[in-house]
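Undergrad: In terms of the numbering used here, the sequence shown is residues 84 to 230. Here a beta-carbon is modelled for each residue, glycine too, at the ideal position from N, C-alpha and C. My structure is below; once you've seen it, I'll send some questions.
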Amino acid sequence: MFKYKLEPILALKEKLEESKKRELGLAHQCHEKAKAEKEVLVKQREMAYKEAKIQSHEKVNIIQLRQLNYYSNYMEEAIHSKNEEIDLAAKKVEQRREELVEAVKERKILENLKELQLEDYKEEEKRNENNVVDEIVTYKYRANQKE
84 MFKYKLEPIL ALKEKLEESK KRELGLAHQC HEKAKAEKEV LVKQREMAYK
134 EAKIQSHEKV NIIQLRQLNY YSNYMEEAIH SKNEEIDLAA KKVEQRREEL
184 VEAVKERKIL ENLKELQLED YKEEEKRNEN NVVDEIVTYK YRANQKE
């Protein structure tokens, strides 16, 4: 019966790989969420610009223009901040992807080693079986020689 000595380590590597897959999924979700939030900010900014155009055709109120300018600056800063968050999230996704690739490599190495050891085991079993058959044939041959 073949027993792989590194089976517990292989099982651990498989669990680690699954964990890395989940982490990559979460990082990807954070990245997508940040991009969606940026889109909301961009749309809000565009709506503010449209509102400013509409108001520019009416009477101009300096207080409203000043508020619009502050809001515009705020939105630009928020979008800039969100872009930085997106960049960080993208780096995190790439880092998690690299960690997953490494975990997959480690698991595959152990699986390949297991396959090699299984092949060696099968060859050894076949040799042992052939030796037993040879012994039986030799025994029968000697038994027939005595008769």
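Roughly how many angstroms separate the alpha carbons of Tyr87 and Ala94, rounded to a whole number?
TA: Near 11 Å, if we compare the C-alpha coordinates of Ala94 and Tyr87.
Undergrad: Candidates Glu198, Val187 and Asn227: which alpha carbon is nearest Lys96's?
TA: The residue with the shortest Cα to Cα distance from Lys96 is Val187.
Undergrad: At the level of alpha carbons, what is the spacing between Leu193 and Glu168?
TA: If you take the alpha carbons of Leu193 and Glu168, they lie about 38 Å apart.
Undergrad: Where does Tyr269 fall in DSSP's three states?
TA: Limits of the chain in this structure are 84 at one end and 230 at the other, which puts residue 269 out of reach.
Undergrad: By DSSP, does Glu141 sit in helix, in strand, or in coil?
TA: Coil at Glu141, not helix or strand.
Undergrad: How many Å lie between Gln178 and Arg190 at the Cα?
TA: So the alpha carbons of these two residues sit roughly 19 Å apart.
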